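Residue numbers (this note's numbering), protein chains in the order written: chain A, 1 to 444; chain B, 1 to 546.
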């Protein structure tokens, strides 16, 4: 089935709702095409194209809810899936946390669909990979990478009159380049809604440069260092604060946002006052969907403003229980930065470590949001404003909350991708003092 | 099943949230979980359509997997059933070699015509990709098994147990935890049934019925005055067993420090939740560890994850060769080290074997996803690195004539590739219990259960936490510890393995959602071991204030 237009989706969802006999029902439909090419050892290893469409209906009788899915869209199948969800609802135990579906909402026009990405051809995809492979071969290095792109739509309607529709495109690219002797390794990652912005050649050149300049890494003692985190390295730490913004967990006393005595840190200064973190679905460089899967509108929301926790995320159930606005979990996160380039940040550093990528991030203690992980694919020692030499990788144990209290300086914001969650962000490079490295790693 | 999908599914019951799960399976009625929609003879007919089509289009090899993947997840918190999800995913994946290159396509149109079209697509992809191919695929020979079948030797099919009975068990678990001082508790039961039919142009037609189960919970204790909170997870293991795993059996329990019980082939979930709640409360006031060197006593449900990360992944051949370089990384355990025949991975008592046959293990199947009969082989023998993990198109790289039989795809619509078999540490040969081991330690830490884990991209440097920690002083348990994590280097750690308990202490740890590849696929794998002692391991204190 092709990507449905807004009118086609409306007509189809209206038909599904007309079959319903339940107290209330809600239907989501979505689909699209995605494609990927994976390569390693300077050669393509796998490629795939996935087309899928599916429709999900939830029917409710009182607080008993049943859900069914289908990927066939003829009238008989649509009616069948409605009946199936109703049968499941009748059999389900009551869910005391079920909240009646949302009424009609107003959404602003989305900006996250780019026609050029939707129009990608297999040849364009192959060319993007070929350019990356060419750079690696010319640099006498070995590349492994992954390119994926997608185009899709989503729509929803419920028996209370809510209707929402959106289309989206996206592409993510990552490449690891290793020297032939395996002594140096570099990485680059890019994410865009618009594939014409993707320059696999330059990205691979940067990864190759990191690989060749990280050969002959020296070991320096673990300990507390001033670090400059490139945006890709900062992303995997910062996103853990965002993932932990759930109000219910904080209210229940089991989050780094919980305080002794039962209160939360909402409204309190938690990090350096230069930290401003927000989400904005209409940001030109990081557009996201204007609504969530349960129909709530996404709005521009401040999460941390001048170091103060300004908002937490709520399920509709918990917001109703607490009598507050049900702010949904955000799609795209933006952190304000400064005016300096990465090079200028390095130039202003007397002694420090440049971290280009962090890897295998895991929670160590949810109470303090202590995380562990390692540097990877290019770590460098800085002295007197210059990169002096490559250094061996470190394991760190650090909390992003402590890190953002030890903020020295922020650079210019750029779009980056988390290697842990695959999410895209707009983040600055960050200079942080007293970042805790706890051991050395021999890994290249 | 995909890990991210599962996480979303487990916590949420509403359709809007279910939408991203289209690749995972459609919710179905409970009764449908007991159906077998196709007879074996019908599957064979459909498989032959794929094989004949592939051959007629010039493919030199083809295999077809007709897979029906059934899942049931039940999730609860405190006194509420939050979600019951029954899902089904049914379809066919066809893999071919044409022009010396792999091609793969899948379809959920389970008709002769649908299969024919998917096969044509697979051959077209193989031919198109052959221009990128440096060397043609070399397949190790495999025996033609004819028409055979295999079934996980379960005693009670979990899908035949009434869902209300299973939900009741979880609610009893939660009640026991709350009664014993837990502030919060969530519990889950995951059941998986893979009905897989494999056929290939090598002449095998293999019908398999595979079952896995994982009961688990998290208990939390909170001190609202101090703002402290502590968690204690279940000490169950995901297993390749039926519902019989949830029948308590005293003969399968092992006594452990702090009044804990540890479990072998039967799990007492209510008992474990009772102890968990008491331990979570105790953690709120337990002593914070003094950093330094300790002798670590690691029980199997903890050590399994360390084996998984520090031996399982680094000895995967595709990883050693660089195929995972852009994602999980490469490996310190290089082919040079393997071929040297003298790389000392561990001390002389360390014997680590791979297998896909241990009864009750997650990896146990009769035949892998490319029709190779499963077996056991050595990875580390008397401390020496002696073999890797390889499938049919990799065996020649090791100079071997046959596959190890560890090929797997998470679903019919994913292409099969090399996945970790069960990787297990053989128990010690002389009689030795965990109680004796503790008695022999002067300054040490006993760890039960899995915790935080992180390891570098070549698998040298790792850091592990755990579920419960006890201090050992002069051969005695001296109380519970908090804020413990140990850091080590793989080779140093395994060479400091000085003692392994005997087979009476041997049991399985499991990883239900092990991720690998881009796009990522999950697989389930077990790791057996007996409680083991590692001397002079660096322990750090992870306590921080924000």
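We put the beta carbon where it would ideally sit given N, CA and C, even for glycine. It should be emphasised that the depicted structure is a prediction, and the values quoted were computed from it without experimental measurement.
Listed as beta-bridge partners of residue 415 of chain A by DSSP are A:426. From the beta-carbon of residue 43 of chain A, the residues of chain B found nearer than 7 angstroms are 132 and 134.
Residue contact check for residue 125 of chain A against chain B: no CB pair falls below 7 angstroms. Under the 7 angstroms criterion on CB atoms, residue 360 of chain A is classed as interfacial with respect to chain B.
Classified as buried, residue 215 of chain B has 16 or more neighbouring CB atoms from the shown chains inside 10 Å of its CB.
Of all residues in the segment 420-440 of chain A, only 438, 439 and 440 come within less than 8 angstroms of chain B when Cβ atoms are compared, listed by chain position. If you ignore the 5 residues before and after residue 305 of chain B, its C-beta comes within less than 8 angstroms of the C-beta of 450, 453, 464, 509, 511 and 527, all in its own chain and listed in chain order. Within the same chain, and ignoring the five residues on either side of residue 505 of chain B in sequence, the residues whose Cβ sits closer than 6 angstroms to its Cβ are 434, 530 and 531. Rounded to the nearest whole angstrom, the CA to CA distance from residue 533 of chain B to residue 255 of chain B is 18 angstroms. For residue 121 of chain B, no Cβ of chain A is located within less than 7 angstroms of the residue's own Cβ.
Rounded to whole angstroms, the separation of the alpha carbons of residue 437 of chain A and residue 238 of chain A is 17 angstroms. No Cβ of chain A is located within less than 7 angstroms of the beta carbon of residue 61 of chain B.
Looking at A:266, A:330, A:115 and A:440, the one whose alpha-carbon comes closest to that of residue 194 of chain A is A:115. Judged by their CB atoms, residue 54 of chain B and residue 96 of chain B are nearer to each other than the 7 angstroms cut-off. If you check the CB distance, residue 299 of chain A and residue 276 of chain A do not come in under 7 angstroms. At the C-beta level, residue 278 of chain A and residue 97 of chain A stay beyond 7 angstroms of one another. Contact note: residue 144 of chain A reaches chain B through 322, 325 and 326, using a C-beta cutoff of 7 angstroms and chain order. Interface residue (Cβ-Cβ distance to chain A less than 7 angstroms): residue 447 of chain B is not classified as such. Between residue 258 of chain A and chain B, the shortest Cβ-Cβ separation is below 7 angstroms. Interface criterion met: the Cβ of residue 368 of chain A is under 7 angstroms from a Cβ in chain B.
Per DSSP, residue 483 of chain B has no beta-bridge partner at all. In this structure, DSSP gives residue 63 of chain B an extended state, which the three-state scheme calls strand.
Counting along the chain, no alpha helix (DSSP H) covers residue 46 of chain A; the unbroken beta strand (DSSP E) around it starts and ends at 43-61.
Judged by DSSP in its simplified three-state form, residue 147 of chain A adopts strand. Residue 466 of chain B and residue 78 of chain A have their C-alpha atoms some 48 angstroms from each other.
Within the segment 217-260 of chain A, the complete alpha helix (DSSP H) segments at least 4 residues long are 231-243 and 247-251, listed from N- to C-terminus.
Per DSSP, residue 231 of chain B lies in no alpha helix (DSSP H); the unbroken beta strand (DSSP E) holding it starts and ends at 228-233. With contacts defined as CB atoms closer than 7 angstroms, residue 156 of chain B and residue 252 of chain B fail to qualify as a contacting pair. Sorting A:156, A:202 and A:243 by C-alpha distance to the C-alpha of residue 130 of chain A places A:202 at the top.
The beta carbon of residue 13 of chain A does not come within 7 angstroms of any beta carbon belonging to chain B, so the residue lies off that interface. By the Cβ rule, the segment 192-212 of chain B counts as touching the segment 60-69 of chain B, because three or more pairs are nearer than 8 angstroms.
Setting aside the 5 residues that flank it on each side, residue 333 of chain A is surrounded in the same chain by 242, 279 and 425, each with a C-beta closer than 6 angstroms to its C-beta; the list follows chain order.
Taking every protein chain shown into account, the CB of residue 354 of chain A has 16 or more other CB atoms within 10 angstroms, so this residue is buried. Secondary structure remark: continuous beta strand (DSSP E) runs of at least 3 residues inside the segment 73-113 of chain B, in chain order: 80-98 and 101-107.
Collapsing the DSSP output to three states places residue 312 of chain B in a helix. Following the DSSP letters along the chain, one finds residue 422 of chain B inside the beta strand (DSSP E) bounded by residues 422-425.
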